[in-house]
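In this note's numbering, the protein residues as written are 12 to 373.
Where a beta carbon is used, it is the ideal one built from N, C-alpha and C, also for glycine.
So the structure is just underneath, and the comments pick up after that.
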C-alpha cells in the first residue's frame, strides 16, 4: 500500500515526473535510477520478504514503518470528542428544559463539528484499525507484473515491470523512499507504488541496493544467490504476527543499527532508555490494529497468475528462516519494564480522568 494511501492524500499522482524540483505538494524526487545500468552485486532485501518462490515474491509495504501512528492520534481525539458530546448533550438538554432554545441550537451546531472531527479521524485511522493486517506488494517474475493494494482508491494496482520508472524520493526531513512510477507520454505520474524499505539520508546507497534486489529477481538472475540474500521470511501471508514479532518490528524502528542491518547487530545504536517509554504504547496500538484487522486476500485472477509449481525448490512456504531473538541485559530489561509501567500508568490515568469528568458532568 502507498504510504500516502494510509495518510489519505496523494502528493505525486497526476503530477509531473520531475527530478530536483518539488511539485505543487512539496514532494521532491531526488534522482531517477536507471535500472538498466544498476549493478546487482549487492542485494538488499532487508527484513521485508513475506514469501519467495520461482514465480513470485511477496513483500511488506512501506506503511509498516508507521503502523499505529494514526491510531495514536485518533484514539485520544475520539475520547475527548465523545466526552465533549456527552457534556454538550447535558448542556443542550438543560437549555431545552429552561426554554433557552437558541443555546440548545448553538450546542447542536457545535456537536455537528465534533462529529465531523470524529469522522475525519476515522478516515485517517480506519486502515490502521479496521483494514488489513498488512498491505503486501507482490512481484510476479514470470508474468513480469507488480501488484499492490491501494485501499484509498479501492483497488489493486497492477503494473507491468517493464513500464516502470524508478526514483529516490525524499520523505520528511530525514527519510528516502524508493518509488516505482507509471508515467504517461505527457510525463505525468498515473500510478505509483513505494517499495518496502525506507532508508535514512545517511544510507543513500541502500536505495540502489534495495532496487537491485528486485531487479535481480524480476530480470532473470540466479535464484539461488537471490534466495541466499534474504535474511529472514516474515511469513505473515496466512496469519497474524505474534506479540514477539510485533515487539521486534516496533523496536526495529528505534534502533539505527537494527533498522539498516540485515543481521542482528552486535551493538545497539540507541540506549534502551531513549526508546522504552514509547515502545510499549506503540506495540499496544499495533496489536490493537492487528486484532481488528483481516488477513489480506489477493483476487482470484492474481492468484491464478501467481500459481506456484508443486516441485518449486525455492518455495518458502513452511520454511523457518528468522534472525536470532533480540537479547537484552538485565539492566535493559529493567528499563524496558519501567518504560512499560510508566507508559501504561499514564494511559490508564488518562482514561480514568475522562471517566471521572464524564461522571461528574453527567
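Between residue 214 and residue 271 the beta-carbon gap is near 5 angstroms, inside 8 angstroms, which marks them as a contact. The beta strand (DSSP E) runs lying completely inside the stretch 50 to 128 and spanning 3 residues or more are 60 to 63, 67 to 70, given in chain order.
The Cβ neighbour count for residue 74, taken over all protein chains shown within 10 Å, is at least 16; the residue is labelled buried. Straight-line measurement puts the Cα of residue 78 at about 15 angstroms from the Cα of residue 132.
The three-state reading of DSSP puts residue 205 in strand, counting E and B together. Following the DSSP letters along the chain, one finds residue 255 inside the alpha helix (DSSP H) bounded by residues 254 to 263. Contact between residue 51 and residue 153 does not hold, since their C-beta atoms are separated by about 19 angstroms, which reaches or exceeds 8 angstroms. Taking C-beta atoms as the reference points, residue 76 and residue 209 count as a pair closer than 7 angstroms.
Cβ-Cβ distances below 7 angstroms link residue 142 to 162, 304 in the same chain, with the five nearest sequence neighbours on each side left out; the list follows chain order. Bridge partners of residue 188 according to DSSP: 180. DSSP, read as helix, strand or coil, puts residue 286 in helix. In this structure, residue 55 sits near residue 220, with a CB-CB distance shorter than 7 angstroms.
In this structure residue 71 is buried. Its beta-carbon is surrounded by 16 or more other beta-carbon atoms within 10 angstroms.
Here the C-alpha atom of residue 159 lies approximately 12 angstroms from the C-alpha atom of residue 68. The way I'd put it, the stretch 324 to 332 does touch the stretch 238 to 252; three or more beta-carbon pairs between them come closer than 8 angstroms.
Taking the CA atoms as reference points, residue 150 sits about 49 angstroms from residue 364.
With a beta-carbon spacing of about 7 angstroms, residue 42 and residue 178 fall inside the 8 angstroms limit used to define contacts.
About 33 angstroms separates the beta carbon of residue 31 from that of residue 139, a gap too long to meet the 8 angstroms contact definition.
A straight line joining the alpha-carbon of residue 312 with that of residue 166 spans about 14 angstroms. DSSP, read as helix, strand or coil, puts residue 236 in helix.
A check of alpha carbon separations from residue 171 across 194, 188, 180 identifies 194 as the nearest. When the five nearest sequence neighbours on each side are left out, the beta carbons in the same chain lying within less than 6 angstroms of the beta carbon of residue 188 are those of 180, 182, 205, 209, in order along the chain. Distance from residue 292 to residue 358 at the Cβ level is roughly 7 angstroms; contact confirmed, criterion being Cβ atoms closer than 8 angstroms. Counting along the chain, the unbroken beta strand (DSSP E) around residue 44 starts and ends at 40 to 44. Restricting attention to 135, 218, 259, the CA atom closest to the CA of residue 84 is found in 135. The Cβ atoms of residue 99 and residue 129 do not sit closer than 7 angstroms to each other.
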